[in-house]
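A.B. asks: Pasting in a structure now, in structure tokens, and then I'll have a few things to ask.
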Amino acid sequence: MPKATWNGVTIADSNDTVVVEGNHYFPIGAIDPALLKPSSTTTVCGWKGTANYYTLAAGGAENKDAAWYYAEPKDAAKEIKGRVAFWKGVKVA
Numbered sequence: 002m003p004k005a006t007w008n009g010v011t012i013a014d015s016n017d018t019v020v021v022e023g024n025h026y027f028p029i030g031a032i033d034p035a036l037l038k039p040s041s042t043t044t045v046c047g048w049k050g051t052a053n054y055y056t057l058a059a060g061g062a063e064n065k066d067a068a069w070y071y072a073e074p075k076d077a078a079k080e081i082k083g084r085v086a087f088w089k090g091v092k093v094a
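The opening residue of the sequence shown carries number 2 in my numbering; numbering runs sequentially from there.
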């Protein structure tokens with residue numbers, strides 16, 4: 002079962018992930034909302050759409066923009082709607 006951890010804390014744990022470009026997208030419901038702080042950062046992917054970010058707050062530390070999601074993904078990426086992926090030192094195994 003894929004599990005995302007950072008700073009000694011399990012961020013997400015689910016058998017229901019979607020892998021896109023090597024990244025596991027976890028269902029938002031698999032993540033404790035207390036660990037996610039909305040960020041104003043956005044980026045644009047040509048085929049997925051506009052990504053929004055969260056800062057992780059776990060184990061007494063913050064990891065700025067370490068999680069991202071597509072609130073309204075383009076049709077080619079519709080399977081990642083409602084899902085979150087991680088980077089910036091978050092381990093997924």
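Don't be surprised by glycine CBs; every beta carbon is placed ideally from N, CA and C.
Keep in mind it's a predicted model, so treat the numbers as computed, not measured.
Please state whether DSSP places glutamate 80 in a helix, a strand or coil.
C.D. replies: Locating residue 80 in the sequence shown gives position 79, counting from the first residue. Helix, per DSSP.
A.B. asks: Any idea what DSSP makes of proline 39, helix, strand or coil?
C.D. replies: Position 38 of the sequence shown holds residue 39. It is a strand residue.
A.B. asks: Give me the Cα-Cα distance between proline 3 and isoleucine 12, rounded to the nearest whole angstrom.
C.D. replies: What you label residue 3 is simply residue 2 of the sequence shown in a count that begins at 1. What you label residue 12 is simply residue 11 of the sequence shown in a count that begins at 1. Going by the C-alpha atoms only, they are around 11 Å apart.
A.B. asks: Please identify the residue among Lys92, Val93, Tyr70, Ile81 whose C-alpha is closest to the C-alpha of valine 19.
C.D. replies: The sequence position of residue 19 within the sequence shown is 18, counting from 1. Cα-wise, what sits closest to valine 19 is Ile81.
A.B. asks: Which stretch, first to last residue, makes up the beta strand (DSSP E) that contains lysine 65?
C.D. replies: Taking the sequence shown and counting its residues from 1, one reaches residue 65 at position 64. Unbroken beta strand (DSSP E) run through lysine 65: 62-70.
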